[in-house]
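The structure appears right after this line, and notes come after that.
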Amino acid sequence: MNESAHSLLSAWETFYVIIGSSGAALTGLQFVVIALVAESPRRATTREIEAFGTPTTIHFCAVLLLSAILSAPWQGLSRVAFALGACGLTGVIYGLIVIRRARRQTTYRPVLEDWIWHSVLPLISYALLLVAAIVLPKYPRRVLFIVAATALSLLFIGIHNAWDTVTYIAIDQAQSDTKQTRKRKR
Numbered sequence: 123m124n125e126s127a128h129s130l131l132s133a134w135e136t137f138y139v140i141i142g143s144s145g146a147a148l149t150g151l152q153f154v155v156i157a158l159v160a161e162s163p164r165r166a167t168t169r170e171i172e173a174f175g176t177p178t179t180i181h182f183c184a185v186l187l188l189s190a191i192l193s194a195p196w197q198g199l200s201r202v203a204f205a206l207g208a209c210g211l212t213g214v215i216y217g218l219i220v221i222r223r224a225r226r227q228t229t230y231r232p233v234l235e236d237w238i239w240h241s242v243l244p245l246i247s248y249a250l251l252l253v254a255a256i257v258l259p260k261y262p263r264r265v266l267f268i269v270a271a272t273a274l275s276l277l278f279i280g281i282h283n284a285w286d287t288v289t290y291i292a293i294d295q296a297q298s299d300t301k302q303t304r305k306r307k308r
């Protein structure tokens with residue numbers, strides 16, 4: 123296919139403006155989530171934050187980075203593929219580090235849903251991005267849909283994980299308040 127990188131990528135411009143902006147805004151909101159964790163009576167350890175909080179911010183930033191990469195005025199798809207491949211490879215390596223961190227932390231015991239959303243789905247997304255980067259120059263039109271689906275997946279994973287953290291804090295806070303009220307009544 124002899125279409126230029128610019129003509130292929132310009133069709134995706136609005137999509138990447140929307141999800142890139144969302145990734146940037148949600149990165150900022152993740153700081154609010156971390157502030158809530160800090161205010162919680164049951165404070166999180168550094169290990170918990172490294173295993174569950176930081177990766178959520180990384181996923182939002184990855185969406186922003188993918189949006190920036192795919193919005194840049196590239197001269198050729200091979201350079202786009204290289205940049206996407208670097209992101210995919212970095213994400214896979216980071217995903218493996220997150221799994222190790224989640225297994226090493228001892229304060230919170232992850233359940234199946236946590237493993238799926240915090241480890242498996244991000245790892246699949248970054249691996250898919252890496253594979254997409256490899257085949258991008260050969261099948262650009264199809265692969266750009268895969269890259270878009272990957273970026274959107276990372277955005278949804280980040281939203282789920284941030285929400286999961288906030289609801290965990292809210293439930294934990296409510297249980298702590300109930301226990302303290304019962305103690306005072308005795």
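Quick note on this note's numbering: the sequence shown kicks off at 123 and runs consecutively.
For each residue, glycine too, the CB sits at the ideal point set by N, CA and C.
Please read these numbers as outputs of a predicted model, since none were measured by experiment.
Worksheet entry | Sequence-distant residues of the same chain with beta carbon closer than 8 angstroms to Ile171, five excluded per side | Taken in chain order, the residues that qualify are Ile156 and Val159.
Practice prompt. For the region 123-184, list the alpha helix (DSSP H) runs that are entirely contained and at least 4 residues long, ordered along the chain.
Written response: If we require 4 residues or more, the alpha helix (DSSP H) runs fully inside the region 123-184 come out as 127-132 and 135-161.
Open item on the list: Judging by CA-CA distance, which residue of Gly198, Ile180, Arg223 and Ala173 is the nearest neighbour of Leu277?
Closed with: Answer by Cα proximity: Ile180.
**Message:** For Phe204, which residues in the same chain have their Cβ closer than 8 angstroms to its Cβ, ignoring the five residues on either side in sequence?
**Reply:** Setting aside the 5 residues that flank it on each side, Phe204 is surrounded in the same chain by Ala255, each with a C-beta closer than 8 angstroms to its C-beta; the list follows chain order.
Which residue comes first and which comes last in the alpha helix (DSSP H) that contains Gly198?
Boundaries for Gly198: no alpha helix (DSSP H) harbours it, and the DSSP string shows neither H nor E there.
- Task: Could you tell me how far apart the beta carbons of Thr167 and Thr229 are, in whole angstroms, since I believe they sit closer than 8 angstroms?
- Result: The beta-carbon distance between Thr167 and Thr229, rounded to whole angstroms, is 5 angstroms. This is short enough to meet the 8 angstroms contact definition.
Point to revise | Candidates Arg231, Asp294 and Asn283, of which the one nearest Leu148 by Cα | key: Comparing Cα-Cα distances from Leu148 to each of Arg231, Asp294 and Asn283, the minimum goes to Asn283.
> Where does Arg223 sit, in a helix, a strand or coil, going by DSSP?
Replying inline: In the structure shown, the three-state DSSP call for Arg223 is helix.
Checklist entry - Who are the Cβ neighbours of Leu266 in its own chain at under 7 angstroms, not counting the five residues just before and after it? => result Answer for Leu266: Leu130 and Trp134, listed in chain order.
C-beta contact flag for Gly145 and Ser193 at 9 angstroms
Ser193 is positioned such that its CB atom lies no closer than 9 angstroms to that of Gly145.
State yes or no: is the C-beta of Leu245 within less than 9 angstroms of the C-beta of Leu218?
A contact, by the Cβ cut-off of 9 angstroms.
Q.
Just verifying my parser: in three-state terms, what is the DSSP assignment at Tyr248?
A. Three-state result, Tyr248: helix.
Point to revise | Distance between Phe182 and Ser132 (C-alpha atoms, nearest Å) | key: C-alpha separation (whole angstroms): 22 angstroms.
Through-space distance from Ser241 to Tyr216, alpha-carbon basis
In a straight line, the C-alpha of Tyr216 is about 10 angstroms away from that of Ser241.
>> Is Leu234 close to chain C? Criterion is C-beta to C-beta, closer than 9 angstroms.
In response: Absent from the structure: chain C. Only one protein chain is present.
- prompt: Which same chain residues, not among the five before or five after Phe137, have their C-beta less than 7 angstroms away from its C-beta?
  reply: The residues are Ala270.
* Straight-line CA distance for Thr287 to Ile279? -> Take the alpha-carbon of Thr287 and the one of Ile279: they are about 12 angstroms apart.
- Determine the contact status of Leu251 and Gly198, defining contact as a CB-CB distance below 9 angstroms. Cβ atoms of Leu251 and Gly198: not closer than 9 angstroms.
* **Nearest candidate by alpha-carbon position, reference Leu186, set Gly175, Leu206 and Trp239** => For Leu186, the nearest C-alpha among the options comes from Leu206.
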